[in-house]
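Comments concern the structure below.
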Amino acid sequence: MNRSTTLNRLESATLPGDLSPLARGNKWCVIVFALAAIAFAMPVAENCRLAPKYSAAEDFKSYYAFSYVLRHTPGKIYEPKEILSTVHSLFPESNTPLAFPPPIQVLPTTLPLVVPFSLWPSDSVVAFWSVLTALAAAAATFLLARQYKFSVLGTSFLMLAAALSGPYHSLIRLGEPGPLGVLCLAGIFFCLKNKRPYAAAVLLAALTLKPHWILPLSAFLFGARRYKTIGLFVAICAGIAVLSLVLFGTQTWSDYIPLSKLLTDNPWMFGIQQAVSASAQIYRFFPQIPYRQIAIVGGGIYALSLLALVWLGNRVRNQEEWLELGILSVFPIGIACSFYYTPYDMFLLLPTVAVLFSNGNWRRISTADKWIVGVSLAMLMNPLYHLLIGKVVTEHKAVINPFYVGTWCIAVALAKIVLRRRMTEKNSDTLAQCN
Numbered sequence: 115m116n117r118s119t120t121l122n123r124l125e126s127a128t129l130p131g132d133l134s135p136l137a138r139g140n141k142w143c144v145i146v147f148a149l150a151a152i153a154f155a156m157p158v159a160e161n162c163r164l165a166p167k168y169s170a171a172e173d174f175k176s177y178y179a180f181s182y183v184l185r186h187t188p189g190k191i192y193e194p195k196e197i198l199s200t201v202h203s204l205f206p207e208s209n210t211p212l213a214f215p216p217p218i219q220v221l222p223t224t225l226p227l228v229v230p231f232s233l234w235p236s237d238s239v240v241a242f243w244s245v246l247t248a249l250a251a252a253a254a255t256f257l258l259a260r261q262y263k264f265s266v267l268g269t270s271f272l273m274l275a276a277a278l279s280g281p282y283h284s285l286i287r288l289g290e291p292g293p294l295g296v297l298c299l300a301g302i303f304f305c306l307k308n309k310r311p312y313a314a315a316v317l318l319a320a321l322t323l324k325p326h327w328i329l330p331l332s333a334f335l336f337g338a339r340r341y342k343t344i345g346l347f348v349a350i351c352a353g354i355a356v357l358s359l360v361l362f363g364t365q366t367w368s369d370y371i372p373l374s375k376l377l378t379d380n381p382w383m384f385g386i387q388q389a390v391s392a393s394a395q396i397y398r399f400f401p402q403i404p405y406r407q408i409a410i411v412g413g414g415i416y417a418l419s420l421l422a423l424v425w426l427g428n429r430v431r432n433q434e435e436w437l438e439l440g441i442l443s444v445f446p447i448g449i450a451c452s453f454y455y456t457p458y459d460m461f462l463l464l465p466t467v468a469v470l471f472s473n474g475n476w477r478r479i480s481t482a483d484k485w486i487v488g489v490s491l492a493m494l495m496n497p498l499y500h501l502l503i504g505k506v507v508t509e510h511k512a513v514i515n516p517f518y519v520g521t522w523c524i525a526v527a528l529a530k531i532v533l534r535r536r537m538t539e540k541n542s543d544t545l546a547q548c549n
């Protein structure tokens, strides 16, 4: 075959209207990307439509009010009634049913990170925040797909799956900062993969607003001996804590400690009925036991899971794809053994899904594990998952939370995969000698 014939065939393969595989693939990419864009925009449009007259992004309004009170009267930030009154003052249309606003759980050491929440004018902040978080979710999905070498068509399908997932829609409708957290995670993995430990540490510190997001990953990185990242991360956290002490004084701690005791005595105030955690599941089994005692047991389970992740990080630290092995195990184990997670936090499994379907990893999994992981992910990420929460988990008060079972199924299946096989041909001893 001469050169001119080859060029003619390539040109003809991309002509408009051609039905060749290449052309059909391009058409599918455009269609799927368009559907993903529409799906990403749907909850944003809903928030913008409801914001002027009805309740929308209620959790974000609580964060906004918390930041507003912190800037003007910091001595009242840990008073739930003060936060709720500020919410209704700034957002008269708000109809939040919460007796205990989510930001109240923010640790005093991370208060400076909350200040930027109220810098945007309140009359348009819901629309701004909804657009920002939706763009963050789309950007995080795209970065993960490109980092793990998805094809263009594969990237479009991953973005469509993320946009249609129930957790994404709940995050946007509630105004939670979860999409920004996933974007930070994508940046962390990119920096670690490209040997930029200090940039990864900065992004990791940005997530301290939600400690349960980063503790499992930090434990794994410590076990993997990524001391540069962990060292700078600890230093930045210490700096933020000192800044908080200088700006807001020690009174915040004095107010926070009795508030945390109130939480453990009244778990319904922070949504224990929907939580996906070891403590919440134990509480479902034994509601007659004081939650304070259950919290101690749950904390012990969480501590053991962190130790397991340290051990796992140490086990895979010399493998070429140590980070991918960590992503497959960190978030499923972290959620399954967590002290507190909510169903919409399942969006944090997006990096795990990206790694699972990259580099032929899915094809290497046994049929039984494929069924276990596939069914569990379908339940956790399906577009109508809020109906399952409302009817089965909350209204009928099911003894076993199906979301908790799903996270355990994924955690066990993927942990088994990580421990039983190597993702590279080189073993750890050879890599250690080369290094």
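Counting from 115, one number per residue, gives the positions in the sequence shown under this note's numbering.
Just so it is clear, CB atoms sit at the ideal spot from N, CA and C, and this is done for glycine as well.
Through-space distance from residue j to residue i, alpha-carbon basis
i      : j      : result
Thr247 : Arg339 : 33 Å
Arg123 : Pro157 : Its pLDDT being 47, under 50, Arg123 is placed unreliably by the model, and the measurement read from it follows with that caveat. Those two C-alpha atoms are separated by around 44 Å.
Gln219 : Asn140 : 47 Å
Ile447 : Val526 : 8 Å
Pro513 : His186 : According to the sequence as given, residue 513 is Val; it is not Pro. The alpha-carbon atoms of Val513 and His186 are separated by roughly 44 Å.
Ile197 : Ser232 : 13 Å
Tyr397 : Arg310 : 42 Å
His283 : Ala277 : 8 Å
Glu172 : Val240 : 9 Å
Ala389 : Cys351 : 27 Å
Leu423 : Glu434 : 18 Å
Ala315 : Ser358 : 20 Å
Pro135 : Leu494 : With a pLDDT of only 42 at Pro135, under 50, the local geometry of the prediction cannot be trusted, and the value read off the model is given with reservation. Taking the straight line from one Cα to the other gives about 34 Å.
Ile410 : Tyr454 : 13 Å
Thr553 : Ile328 : Nothing about residue 553 can be reported from this structure: the residues present for the chain run from 115 to 549 only.
Trp234 : Arg478 : 48 Å
Ile145 : Phe154 : 14 Å
Phe147 : Ala252 : 11 Å
Thr481 : Leu528 : 13 Å
Arg260 : Gln387 : 38 Å
Gly189 : Ile408 : 31 Å
Leu421 : Ile286 : 33 Å
Lys530 : Val487 : 12 Å
Exposure of residue i, with buried meaning 16 or more beta-carbon neighbours within 10 Å
i      : result
Ile324 : Reading off the sequence, residue 324 comes out as Lys, not Ile. Burial call: buried.
Trp243 : buried
Asn308 : exposed
Thr128 : Per-residue confidence for Thr128 stands at a pLDDT of 40, beneath the threshold of 50, marking its modelled position as unreliable; the derived number appears in the next sentence. By the neighbour-count rule (16 or more Cβ atoms within 10 Å), Thr128 is not buried but exposed.
Phe205 : buried
Lys175 : buried
Leu498 : exposed
Trp436 : buried
Arg138 : With a pLDDT of 48 at Arg138, under the threshold of 50, the modelled position of that residue is not reliable, and the figure given next carries that caveat. Burial call: exposed.
Phe445 : buried
Ser368 : exposed
Val532 : buried
Arg534 : exposed
Leu426 : buried
Pro401 : exposed
Arg406 : exposed
Residue range of the alpha helix (DSSP H) that includes residue i
i      : result
Asp379 : 365–379
Asn428 : 405–430
Pro226 : Run containing Pro226: none; DSSP gives neither H nor E here.
Ile441 : 436–450
Leu257 : 239–261
Gly474 : Segment: none, Gly474 is in no alpha helix (DSSP H) and carries neither H nor E.
Leu233 : Here Leu233 belongs to no alpha helix (DSSP H), and DSSP marks it neither H nor E.
Arg398 : 392–399
Leu272 : 266–278
Ser332 : 325–337
Pro311 : 311–319
Arg340 : No alpha helix (DSSP H) contains Arg340, which DSSP labels as neither H nor E.
Val220 : Note, Val220: premise wrong, no alpha helix (DSSP H); not H, not E.
Tyr458 : Unbroken run through Tyr458: none, as it is neither H nor E.
Phe303 : 292–307
Residue from the options whose Cα sits closest to the Cα of residue i
i      : options                        : result
Ala417 : Leu439, Ile449, Trp436         : Ile449
Leu149 : Leu420, Phe471, Leu198, Leu274 : Leu274
Asn380 : Pro404, Phe400, Ser452, Glu172 : Pro404
Leu225 : Leu420, Ile354, Arg534, Val430 : Ile354
Pro230 : Leu317, Ala409, Gly474, Tyr178 : Tyr178
Thr343 : Gln365, Leu318, Trp142, Val356 : Leu318
Pro291 : Leu377, Ser265, Phe517, Thr322 : Thr322
Ser279 : Leu470, Pro293, Leu267         : Pro293
Ser236 : Val266, Val201, Gly268         : Val201
Cys143 : Ala250, Ser203, Thr269         : Thr269
Tyr312 : Ile286, Tyr341, Leu297         : Tyr341
Ser452 : Pro330, Pro465, Ser490, Phe304 : Pro330
Leu257 : Ala300, Val228, Gly289, Leu249 : Ala300
Pro194 : Tyr370, Gln365, Leu306         : Tyr370
Leu267 : Ser472, Val487, Ile486         : Ser472
Leu184 : Val245, Gln365, Pro465         : Gln365
Complete runs of the alpha helix (DSSP H) confined to the region 178–205 [at least 4 residues]: Those alpha helix (DSSP H) runs which fall completely within the region 178–205 and span 4+ residues are 194–204.
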